[in-house]
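Student: I have a structure here, written as structure tokens, and I will follow up with some questions on it.
Chains as they are written, first to last, in my numbering: chain A, 5 to 391; chain B, 5 to 391.
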């Protein structure tokens, strides 16, 4: 295990009927809030109403900023920052999935500085302070509800960049599994894929010495993300399935799975970000295309962890399956297909001729994330395995 | 999953060479500290020197309070409280294992009130504020380094009572696995048993609906506690083994394993506390006597989780072992024996005639912990299975 600091101060309020605590929790941080949300699904499923009433009852003044899109845009973040400055907002309340929460974090960081918030993402400026953020989660996927990361897409350059800072942990996140009952089947599946991708990035960061505590934790989360996703797809209103998926996705990226691994690169995310940025595909859907290709590419260098994963979570020995990396990848791939998450670029109508363009975009992020072993040729090679 | 609030604000600094950060981390909380420690092992292994220099260099005034014993005593806590009051101490620095850290928490709670600190343990008073505590851990076992609980023994009544409050989380805990290189073999083993006992209490709190995310996490921790303990016993200076055991023990009781389980009773601890209190046996050693008996007793009512545990972590199917609860208990029991942790009351020279006396003591804690299903007869019955 490598040395590490683990410090996650986010308070999680989990369960049925917890959304009305957003008001009392938010008033602790200020009187005037920016209520940030997406494209209206929370108005249909009743979450908006619960949040609005609770904030009002707690005595908060509300300025709204709806319209956050999947693969949230810098321009929308900047509009939010302008509103915060114009209305002298004290606290941001983000209600939605990872896109909304990430936008909220960017607004929190950008509202206390006079320079372009994008400079945080390109490493030209560093965060010294932020506004506080509270959150209500409506999608099990990104883990943003209990971590300090955010991913935003630059409208003009189509760069989808991520950045993290310890001041970006939400002060409180409210996780009511019932708020995810109306998540459509496709986004439910993509959310599970996203959670699995997060822990796979850690799992595949093979270290010497090994990190067996983290390995077992991750294997358990993958088993549960797959199983609970299956149950959600059978019955979208299965509370326990939604709860298990939600908690597994949160734990997948709250710092616990990666503690002790040293520097972790997130190469699958690095490549996927280019798919989302260039073709606006849902992040989880892009990941289920990249994961099998990346694993096949990685297995040429080092197949051990991929075989370990399959042996432990897919019970190779018991099922008489020969323990190969390909067996692991194949089972994962089949599962992606079963939950209707794509596994090939062609399913997005992305032609092989676009691969150099995608690699070009990914390379920019590879440089910022210091993934030095990923040359243009390497990324193109991985993408070729995703055709 | 039941509704829950998870909020663990402790900062963990983990790894080789991290002890010198105690000074800079402590000075954030005040200028005058009470340096709390045990019976001198930290003076032999160099930890004391590192801590003292770091505190001094950071500019802290130090008042010492050594001599915390295994199964820490209320009288010693009270002496610490008196020192804090006399010297106007700002912050407690606890350096040691669970006994020292628990004593530190009790000093932190008792120093800001005028009544007897024991009233917190008997539920007669509730905590409103505390002094801050920082910690350096020297034993992988109790999890006290990242939780809000404490267990203290009343000298006169021989009651060993536990109590928790959210204000009792250490502000920071420094976990250097090298600080555990000199832990003797017996206490290394007892520490692993303690960690396993913590997660077993959660695991055996069978709930409907099930909590599969928590189950897998716990199973992974048990596998790792056993495996890393084995490696520590082979080579006490195996850094990775010490690191894995240390981190597994911390994760076993930091709130994560129990989140979503609702009220959890800790019945094995309830009975063990009486062994420690009456015969001053090491807590982990007492637990390895109680665990098999309690599991055998519980299996009469509900064997499902015990079988699940064995099937998953001991690979019953693959090894052709018939999946029974007794098979699980037997494997655990054999492992306790292999690591030289006792499995019968007789190994402590406690005669069967003492069982009513132990049950009498345990019953008092059962009442405070609201373990209503544990009558005197039930506890005696369980203890009979531990003879």
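The C-beta atom is built at its ideal place from N, Cα and C for all residues, glycine as well. On a predicted model such as this, the values are computed, not experimentally measured, just so you know.
Evaluate residue 250(A) with the Cβ neighbour count: other Cβ atoms within 10 Å of its Cβ, from every protein chain shown; 16 or more gives buried, anything less gives exposed.
Tutor: Label assigned to residue 250(A): buried.
Student: Are any of the Cβ atoms in chain B nearer than 8 Å to that of residue 252(A)?
Tutor: So, interface residue.
Student: So what's residue 185(B) in DSSP terms, helix, strand or just coil?
Tutor: Residue 185(B): coil per DSSP, three-state reduction.
Student: Work out the CA separation of residue 253(A) and residue 270(A) for me, nearest whole Å.
Tutor: Those two C-alpha atoms are separated by around 17 Å.
Student: Output yes if chain B places a C-beta closer than 8 Å to the C-beta of residue 197(A); else output no.
Tutor: No, residue 197(A) does not count as interfacial toward chain B.
Student: In terms of residue numbering, what span does the beta strand (DSSP E) encompassing residue 176(A) cover?
Tutor: Here the beta strand (DSSP E) through residue 176(A) covers 176 to 179.
Student: Can you tell me whether residue 12(B) is buried or exposed? The criterion is at least 16 other CB atoms within 10 Å of its CB, across all chains shown.
Tutor: Buried, because 16 or more other Cβ atoms sit within 10 Å of the Cβ of residue 12(B).
Student: Between residue 6(A) and chain B, is the shortest Cβ-Cβ distance under 8 Å, so that the two count as touching?
Tutor: With 8 Å as the cut-off, residue 6(A) counts as an interface residue toward chain B.
Student: In angstroms, rounded to a whole number, what distance separates the CA positions of residue 150(A) and residue 63(A)?
Tutor: Rounded to whole angstroms, residue 150(A) to residue 63(A) spans 26 Å at the Cα level.
Student: Excluding the 5 residues preceding and the 5 following residue 170(B) in the sequence, name in chain order all residues of the same chain whose CB lies nearer than 6 Å to its CB.
Tutor: So the list reads 152, once near-sequence residues are dropped.
Student: Do residue 343(A) and residue 179(A) count as a contact pair if the criterion is CB distance below 8 Å?
Tutor: Going by C-beta atoms, residue 179(A) is not nearer than 8 Å to residue 343(A).
Student: Which chain A residues are close to residue 326(B), counting only those with a beta carbon under 7 Å from its beta carbon?
Tutor: None at all; the shortest Cβ gap to chain A is about 16 Å.
Student: Exposed or buried, residue 304(B), counting other C-beta atoms within 10 Å across all chains shown (16 or more means buried)?
Tutor: That one is exposed.
Student: Mind pulling the chain B residues with CB within less than 7 Å of residue 22(A)?
Tutor: Chain B residues near residue 22(A): 7.
Student: Helix, strand or coil: which one does DSSP assign to residue 167(A)?
Tutor: If DSSP states are grouped into helix, strand and coil, residue 167(A) belongs with the strands.
Student: Helix, strand or coil for residue 141(A)? Go by DSSP, reduced to three states.
Tutor: Note: residue 141(A) maps to strand in three-state DSSP.
Student: Cβ closer than 9 Å: which chain A residues qualify as neighbours of residue 17(B)?
Tutor: Result: 7, 8, 9, 10 and 11.
Student: Based on the DSSP output, what are the partners of residue 41(A) in its beta bridges?
Tutor: Residue 41(A) pairs with 99(A).
Student: With a CB to CB cut of under 6 Å and the five nearest residues on each side skipped, what residues in its chain are close to residue 314(B)?
Tutor: If we look at residue 314(B) and ignore the five residues flanking it on each side, its Cβ neighbours are 320, 331 and 332.
Student: Is residue 173(B) helix, strand or coil by DSSP?
Tutor: Residue state, collapsed to three classes: coil.
Student: Taking the runs of the alpha helix (DSSP H) that are 4 residues or longer, which of them lie wholly in the segment 64 to 92 of chain B?
Tutor: Whole alpha helix (DSSP H) segments, 4+ residues: 78 to 91.
Student: Please list, in chain order, all residues of the same chain as residue 354(B) whose beta carbon is under 7 Å from its beta carbon, the five residues on each side excluded.
Tutor: The residues are 283.
Student: Since I believe residue 156(A) is in contact with residue 76(A) (beta carbons under 8 Å), could you give me their beta-carbon distance rounded to a whole number of angstroms?
Tutor: At roughly 6 Å, the Cβ-Cβ gap stays under 8 Å, so residue 76(A) and residue 156(A) are in contact.
Student: Nearest to residue 358(A) by alpha carbon, out of 370(A), 346(A) and 388(A)?
Tutor: That would be 388(A), whose Cα lies nearest to the Cα of residue 358(A).
Student: Label residue 159(B) either buried or exposed according to how many other C-beta atoms from any shown protein chain fall within 10 Å of its C-beta, with 16 as the threshold for buried.
Tutor: By the neighbour-count rule (16 or more Cβ atoms within 10 Å), residue 159(B) is not buried but exposed.
Student: Buried or exposed: residue 376(B), going by 16 or more other Cβ atoms within 10 Å of its Cβ?
Tutor: Result: exposed.
Student: Who are the near neighbours of residue 346(B) in its chain, counting only those whose CB is closer than 7 Å to its CB and skipping five residues on each side?
Tutor: Answer for residue 346(B): 289, 292, 293 and 352, listed in chain order.
Student: Quick check on DSSP: helix, strand or coil for residue 10(B)?
Tutor: In this structure, residue 10(B) counts as strand in the three-state DSSP scheme.
Student: Alpha carbon to alpha carbon, what distance is there between residue 108(A) and residue 36(A)?
Tutor: Taking the straight line joining both Cα atoms gives about 15 Å.
Student: Does the structure place the segment 70 to 87 of chain A close enough to the segment 37 to 50 of chain A that three or more beta carbon pairs sit under 8 Å?
Tutor: Contact between the segment 37 to 50 of chain A and the segment 70 to 87 of chain A is present, because at least three Cβ pairs lie under 8 Å.
Student: Pairing CB atoms from the segment 213 to 230 of chain B with CB atoms from the segment 254 to 274 of chain B, are three or more of them under 8 Å?
Tutor: Yes, since at least three Cβ pairs between the segment 213 to 230 of chain B and the segment 254 to 274 of chain B fall closer than 8 Å, the two stretches touch.
Student: Counting beta carbon pairs with one atom in the segment 132 to 148 of chain A and one in the segment 77 to 87 of chain A, are three or more of them shorter than 8 Å?
Tutor: The answer is no - the segment 132 to 148 of chain A does not touch the segment 77 to 87 of chain A, with fewer than three Cβ pairs under 8 Å.
Student: What first and last residue would you give for the alpha helix (DSSP H) that runs through residue 320(B)?
Tutor: Where residue 320(B) is concerned, the enclosing alpha helix (DSSP H) stretches over 320 to 323.
Student: Flag residue 415(B) as yes if its beta-carbon sits less than 8 Å from any beta-carbon of chain A, otherwise no.
Tutor: The structure shown does not extend to residue 415(B), since chain B is modelled only from 5 through 391, so no value can be given for it.
Student: If I follow the unbroken beta strand (DSSP E) through residue 129(B), where does it start and stop?
Tutor: Counting along the chain, residue 129(B) falls outside any beta strand (DSSP E), and DSSP gives it neither H nor E.
Student: Nearest chain B C-beta to residue 231(A) closer than 8 Å, yes or no?
Tutor: Cβ-Cβ to chain B under 8 Å: yes for residue 231(A).
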